[in-house]
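Only one structure is covered here, and it is reproduced in the block below.
Residue numbers (our numbering): 34 to 75.
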């Protein structure tokens, strides 16, 4: 198996965080999340 290059790893991580942020934003739009709940999800 090939080792994943650091460049690819960073790209993958960035895409992952972006999708997570977008999901969180969509959730926020539907349901207002209280501060305590937000702290739990982080």
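Positions of the beta carbon are idealized from the N, C-alpha and C atoms, including for glycine.
Residue state for residue 49 is assigned as helix, using DSSP reduced to three classes.
Spanning the alpha carbons of residue 58 and residue 45 requires a straight line of approximately 20 Å. When DSSP states are grouped into helix, strand and coil, residue 37 belongs to the coil group.
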